[in-house]
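Counting from 80, one number per residue, gives the positions in the sequence shown under the numbering used here.
Structure first, then comments.
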Amino acid sequence: MPVSQLTPESRERAVDFVLTHALPLDKAVFYHHLLDGDPDTVLDELTALQNDDGGFHGMEADFQDDASSVLCTLRALEIAEELGTPANDPLAARATDYLLASYVPEWLSWPLVPRHDNVAPHAPWWHWTDEFDEGWGYFADNPRPSVAAALHAFPGNVEADFLREITEVVVERAAEVDPAAVQKDALECYIRFATTPAVPDAAREAVLARLPEFVEATLVTDPEQWGGYGLQPLDAAGSPDSPLYAPFREHVDRHLDYVIEAQGEDGAWAPNWSWMGTFPEAWEQAEVAWKGVLTVKRLRQLAAFGRVA
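Dropping the structure here:
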């Protein structure tokens with residue numbers, strides 16, 4: 080039975096949306112990964128978003144504070160890693176220094192966003208209160224595994240003993256955590272840890288062994304619910320090279336069919352969340368920015384799975 084394909088006309092509409100509406104960084108990522116564009120252009124756009132402290136801002140449309148955040152810095156380093164950026168690259172080294180400076184010893188982890196005054200536009204889940212850090216479980220599952228992976232990929236000035244300790248904490252947490260407690264964003268952190276080549280093999284394999292359990296506990300498999308927020312098949316296995324593709328192939332293949340059908344009339348794929356009425360004018364702009372991010376992501380996924388005609 081023939082599989083669904085994104086038609087040339089639909090691809091053209093998606094490309095037109097990206098080139099017309101996406102932010103400069105996302106356009107550069109699109110050109111590089113789908114049109115063999117110059118990776119230095121991506122690095123130039125990243126550099127423009129790096130603050131004096133080495134951290135990044137402007138990488139997350141739902142959090143628009145100009146201050147650096149671990150949230151934005153991790154996305155920047157993930158992009159840099161995809162580009163094959165050398166471990167000693169100055170941009171990455173400064174970002175690593177920012178992560179080290181942001182570490183909270185009593186948590187053995189990192190806050191996703193810094194304490195802030197709630198003035199800059201942001202989604203409700205980034206609204207700061209005195210209970211914010213506790214509400215995020217002191218960031219044991221998100222972002223700690225992603226930070227550990229980034230520190231292995233770009234070790235910079237990271238002390239070996241510290242990196243070994245944090246790696247052990249991630250592995251121990253993965254072994255003991257209730258799979259049902261590992262939601263979408265946290266799972267993506269564990270996936271990054273388990274698929275980052277620079278992470279020691281034993282640590283990667285230990286976490287990788289638990290990933291199917293994490294997915295089984297929270298995966299949304301009903302197509303009727305794929306229009307809502309939650310762990311969807313392509314969140315778990317975004318390419319055929321993913322170690323989670325084989326065990327969840329049936330769901331991933333059906334999700335690819337769904338994604339092709341879910342493309343908007345404007346050519347974009349839209350976020351399945353909103354700011355629920357807060358900062359309404361800023362949300363209108365953030366929604367367009369997210370469409371750019373998600374459309375590049377979907378085009379890359381569909382191309383990777385051979386779903387573009």
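Note that beta-carbon positions come from the ideal geometry of N, C-alpha and C, so glycine has one too.
If you're wondering where the values come from, they're calculated on a predicted model, not measured in any experiment.
### Query
Are at least three pairs of beta-carbons, each pair with one atom in the stretch 351 to 371 and one in the stretch 316 to 332, less than 8 Å apart?
no
### Task
Find out if the Cβ-Cβ distance for the pair residue 236, residue 176 is shorter than 8 Å.
Within the sequence shown, numbered from 1, the residue matching residue 236 stands at position 157. Within the sequence shown, numbered from 1, the residue matching residue 176 stands at position 97. Yes. Within cutoff.
### Message
What does the Cβ neighbour count give for residue 343, buried or exposed, with the cut at 16 atoms within 10 Å?
### Response
Here residue 343 corresponds to residue number 264 of the sequence shown, with the count starting at 1. Exposed, by the Cβ-count rule.
### Query
Within this structure, are the beta carbons of residue 107 and residue 121 separated by less than 8 Å?
Taking the sequence shown and counting its residues from 1, one reaches residue 107 at position 28. Taking the sequence shown and counting its residues from 1, one reaches residue 121 at position 42. Closer than 8 Å, so yes.
### Query
At what residue ranges does the stretch 269 to 296 contain a whole run of the alpha helix (DSSP H), taking only runs of 4 or more?
280 to 287
#### Entry: Simplified DSSP state of residue 327, which is helix, strand or coil
Here residue 327 refers to the residue found at position 248 when the sequence shown is read from its first residue. If DSSP states are grouped into helix, strand and coil, residue 327 belongs with coil.
### Task
Mind checking who residue 201 pairs with in its DSSP beta bridge?
To locate residue 201, count along the sequence shown from 1; it is residue 122. Residue 201 is bridged to 142.
### Query
By how many angstroms is the C-alpha of residue 301 removed from the C-alpha of residue 180?
Sequence index remark: in the sequence shown, residue 180 carries index 101 (1-based). Sequence index remark: in the sequence shown, residue 301 carries index 222 (1-based). Each residue's Cα considered, the two are about 43 Å apart.
### Cβ-Cβ separation, residue 153 to residue 222 (assumed contact under 8 Å), whole Å
For the purposes of this step, residue 222 is identified with residue 143 of the sequence shown, where counting begins at 1. For the purposes of this step, residue 153 is identified with residue 74 of the sequence shown, where counting begins at 1. The pair is a contact, with the Cβ atoms about 6 Å apart (cut-off 8 Å).
### Task
My understanding is that residue 85 touches residue 387, with C-beta atoms under 8 Å, so please give their C-beta distance in whole angstroms.
Here residue 85 corresponds to residue number 6 of the sequence shown, with the count starting at 1. Here residue 387 corresponds to residue number 308 of the sequence shown, with the count starting at 1. Right, the Cβ-Cβ distance comes to about 5 Å (below 8 Å), so this counts as a contact.
#### Entry: Limits of the alpha helix (DSSP H) - the one that residue 371 falls within
Your numbering for residue 371 matches position 292 in the sequence shown. First-last of the alpha helix (DSSP H) with residue 371: 359 to 383.
### residue 84, DSSP secondary structure in three states
By 1-based counting over the sequence shown, the position of residue 84 is 5. Note: residue 84 maps to coil in three-state DSSP.
#### Entry: For residue 298, the three-state DSSP class (helix, strand or coil)
In the sequence shown, the residue the question calls residue 298 occupies position 219. Note: residue 298 maps to strand in three-state DSSP.
### Query
In terms of residues, what are the limits of the alpha helix (DSSP H) holding residue 109?
Numbered from its first residue, the sequence shown carries residue 109 at position 30. Note, residue 109: alpha helix (DSSP H), 103 to 114.
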